[in-house]
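Reading through the C-alpha cells given below for one structure.
There are 2 protein chains.
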Amino acid sequence: MKTERTTVNRLPERGRYDRETLYAILDEAPICTVAFVREGTPVAIPTIHARVDDQLYLHGSTASTMLSSLAAGAEACVTATILDGLVVARSVFHHSMNYRSAIVLGRARDVADDDEKRNAMRAVVEHVLAGRWAEARKPNRREIAATRIVAIPIAEASSKVRTGPPIDDEEDLALPIWAGVVPTRLTPSAPVPATKAIALPASVRNLV
Amino acid sequence: MKTERTTVNRLPERGRYDRETLYAILDEAPICTVAFVREGTPVAIPTIHARVDDQLYLHGSTASTMLSSLAAGAEACVTATILDGLVVARSVFHHSMNYRSAIVLGRARDVADDDEKRNAMRAVVEHVLAGRWAEARKPNRREIAATRIVAIPIAEASSKVRTGPPIDDEEDLALPIWAGVVPTRLTPSAPVPATKAIALPASVRNLV
Numbered sequence: 007m008k009t010e011r012t013t014v015n016r017l018p019e020r021g022r023y024d025r026e027t028l029y030a031i032l033d034e035a036p037i038c039t040v041a042f043v044r045e046g047t048p049v050a051i052p053t054i055h056a057r058v059d060d061q062l063y064l065h066g067s068t069a070s071t072m073l074s075s076l077a078a079g080a081e082a083c084v085t086a087t088i089l090d091g092l093v094v095a096r097s098v099f100h101h102s103m104n105y106r107s108a109i110v111l112g113r114a115r116d117v118a119d120d121d122e123k124r125n126a127m128r129a130v131v132e133h134v135l136a137g138r139w140a141e142a143r144k145p146n147r148r149e150i151a152a153t154r155i156v157a158i159p160i161a162e163a164s165s166k167v168r169t170g171p172p173i174d175d176e177e178d179l180a181l182p183i184w185a186g187v188v189p190t191r192l193t194p195s196a197p198v199p200a201t202k203a204i205a206l207p208a209s210v211r212n213l214v
Numbered sequence: 007m008k009t010e011r012t013t014v015n016r017l018p019e020r021g022r023y024d025r026e027t028l029y030a031i032l033d034e035a036p037i038c039t040v041a042f043v044r045e046g047t048p049v050a051i052p053t054i055h056a057r058v059d060d061q062l063y064l065h066g067s068t069a070s071t072m073l074s075s076l077a078a079g080a081e082a083c084v085t086a087t088i089l090d091g092l093v094v095a096r097s098v099f100h101h102s103m104n105y106r107s108a109i110v111l112g113r114a115r116d117v118a119d120d121d122e123k124r125n126a127m128r129a130v131v132e133h134v135l136a137g138r139w140a141e142a143r144k145p146n147r148r149e150i151a152a153t154r155i156v157a158i159p160i161a162e163a164s165s166k167v168r169t170g171p172p173i174d175d176e177e178d179l180a181l182p183i184w185a186g187v188v189p190t191r192l193t194p195s196a197p198v199p200a201t202k203a204i205a206l207p208a209s210v211r212n213l214v
C-alpha cells in the first residue's frame with residue numbers, strides 16, 4: 007500500500023502502512039472526503055463510504071457529477087479522519103490534536119452488476135448503522151438503477167495517527183500551566199422518531 | 007461567493023450562499039480537509055484551520071509540503087463538515103445524514119508579517135479551545151519563524167446543509183418500520199491531565 011505518493015512526509019513517525027490500522031479507520035469514520043481534479047481545479051466533497059475487503063465503495067445518485075467524474079476515470083484521493091482528542095500543551099506552539107486519518111489514492115471502477123450494487127448499498131447502510139439492512143425496506147430495481155456505485159481498490163494508501171499527551175519543551179515543564187488531553191468522540195443522543203407507536207429497532211438501540 | 011464552481015449541483019435545495027451560514031460552519035468544525043493538485047494528482051489532507059473575518063488561515067511547519075504547495079500558488083479546495091445526525095428511513099434507499107458542510111476555493115497568500123502570523127496562531131488555538139491563548143505560553147520568535155501560515159481569501163465558497171426527518175416514499179409511510187433521526191455531536195469527555203496539582207483552566211472547564 008505504501009508508495010512514494012502515500013508516504014507520510016510530515017511527522018513520519020505518525021505514518022502507518024498496515025491494512026489493519028487503515029481498515030479500522032475507514033470502518034469507524036462515518037464519512038470521508040473525496041478529492042479529484044475537475045478541469046484543473048481540485049474538488050473535495052464529503053460523502054458516505056463503505057469498505058468491503060479491499061474495495062472502497064462510494065455511492066450516490068446517477069446525477070452526481072462527483073461519481074460520474076470518478077466513473078469516467080478521474081483519480082480520487084479519499085481521506086477519512088477521526089478526531090480523538092484535543093492536545094492541550096503548556097505552550098501555544100505545542101497544542102495539537104489526537105487523530106487517526108486514512109488516505110486512499112486510486113481510480114474508481116463503475117459498478118454495473120446489480121448484485122454487487124446491492125451488496126455495496128448494504129455495506130453502506132450497515133457501515134453507518136449496523137443491523138439496519140435487515141430492518142429496512144430493501145432497494146427495489148428502480149432504486150438500484152437510480153444509484154451509482156463506484157469502487158476504488160485499496161492498493162495505494164496510508165494512515166496517520168497521533169496519540170498520547172502533549173509534548174512540551176523541557177524548559178516549559180515547570181510552568182504553572184495545565185496541560186493534558188481532552189478526549190473527543192462523535193456521540194449519538196436520544197433518537198427523534200418520525201413514526202408513532204413503533205418501538206426503537208435493535209440497530210438504533212445498539213447505537214445509543 | 008457563489009460562482010459556477012461553487013454552485014451546489016446535486017440536491018441544489020441544500021445549497022446556501024450566505025456568509026453567516028458559511029462562517030458558522032467554518033467556525034464550529036474543529037478541522038477541515040485541504041485538497042490541492044500535486045503533479046496532476048489530487049491530494050487531500052486533514053488539518054486545523056481558523057477564520058478571521060474573510061480570511062481562512064492554515065498553519066503548520068515550514069517543512070509541510072502541503073503548505074509550501076499552497077504558498078507556491080497551488081489552488082486549494084477546503085472543505086469542513088459537521089455531522090449532525092443519522093437519518094434513518096423506512097427504506098434503505100432514503101437513509102441519509104444531517105450535516106453542514108462548507109467549501110472554499112482559492113489560492114493562498116503566504117503570510118510573512120510576524121504580527122499577522124501571531125494573530126493567526128492565536129486564532130487557530132482559540133478556534134479549537136476558546137480562552138486558551140491567554141492561559142498558555144505564547145509563541146516566541148523561534149516558534150513563529152518555524153511556523154508557516156497561509157491565508158485563503160473567502161471569496162469563492164458555498165455551504166450545503168441537510169436538516170430534518172427522513173423523507174420516505176408515500177407508499178412506504180404505512181410500513182411497520184421505525185424511522186427518525188439519531189442526532190450526533192462531537193463530545194468532549196473527562197480531561198486527562200499531564201500535570202499534577204494544577205487546577206483545570208477555564209478554557210477546558212468551559213469546554214467539558
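Going down the list, the protein sequences come from chains A and B. Note that this note's numbering has the first sequence beginning at 7, numbered continuously upward. Note that this note's numbering has the second sequence beginning at 7, numbered continuously upward. A virtual CB, placed ideally from N, CA and C, is assigned to each residue, including glycine.
Find the residues of chain B that neighbour A:Asn15, judging by a C-beta separation of less than 7 Å, and give them in chain order. The contacting residues are Thr71.
Between A:Thr153 and the rest of its own chain, which residues show a CB-CB distance below 8 Å, the 5 nearest in sequence each way excluded? Answer for A:Thr153: His65, Gly66, Ser67, Thr68, Lys123, Met127, Pro145, listed in chain order.
Where does B:Leu62 land, buried or exposed, given buried means 16+ other C-beta within 10 angstroms? buried
Same chain only: Cβ atoms within 6 Å of A:Val214, ignoring 5 sequence neighbours per side: Pro194
Can you name, in chain order, every residue of its own chain whose Cβ lies under 7 Å from the Cβ of B:Val134, other than the five neighbours on each side? Pro36, Ile54
Under 9 Å between beta-carbons, which chain A residues line up against B:Ser67? List them in chain order, please. Going along chain A in sequence order, the residues near B:Ser67 (Cβ under 9 Å) are Arg16, Leu17.
Spatial neighbours of A:Thr87 within its chain, please: C-beta separation below 7 Å, excluding the five flanking residues on both sides. Listed in chain order, the non-local C-beta contacts of A:Thr87 below 7 Å within the same chain comprise Ala35, Tyr105, Ser107, local neighbours out to five positions each way being set aside.
With a threshold of 9 Å between beta-carbons, can A:Leu181 be considered close to chain B, or not? yes
Can you list the residues of chain B that A:Ile31 reaches, using a CB-CB cut of under 7 Å? Within chain B, no residue comes near A:Ile31; the closest Cβ sits about 11 Å away, beyond 7 Å.
With C-beta atoms as the reference, is A:Ser209 less than 9 Å away from A:Leu28? no
Extent of the continuous alpha helix (DSSP H) run through B:Ser74: 71 to 77
Taking any Cβ of chain A, which residues in the segment 48 to 66 of chain B have a Cβ under 9 Å from it, in chain order? Pro48, Val49, Ala50, Ile51, Pro52, Ile54, Gly66
In chain A, what lies closer than 7 Å to B:Lys144 by C-beta? Within 7 Å Cβ-Cβ: Val98.
Report the neighbours of B:Met127 on chain A: residues whose CB is nearer than 7 Å to its CB, in chain order. Val98
Any Cβ of chain A within less than 9 Å of the Cβ of B:Glu81? yes
Backbone CA spacing between B:Ala41 and A:Pro52 [nearest angstrom]: Just so you know, the alpha carbons of B:Ala41 and A:Pro52 end up roughly 12 Å apart.
Could you work out which residues of chain B lie near A:Ser195, taking near to mean beta carbons separated by less than 8 Å? Val188, Pro189, Thr190, Arg191
By DSSP, does B:Thr27 sit in helix, in strand, or in coil? Reduced to three states, the DSSP call for B:Thr27 is helix.
What in chain A is Cβ-close to B:Met103, meaning under 8 Å? Pro36, Ile37, Ile54, Val134
When the cut-off is 9 Å and only beta carbons count, does B:Gly46 lie next to chain A? yes
Using DSSP with H/G/I as helix, E/B as strand and the rest coil, what is A:Ile150? helix
With three or more beta-carbon pairs closer than 8 Å as the criterion, would you say the segment 168 to 186 of chain B touches the segment 182 to 196 of chain A? The count of Cβ pairs closer than 8 Å, one atom from the segment 168 to 186 of chain B and one from the segment 182 to 196 of chain A, stays below three, leaving the stretches out of contact.
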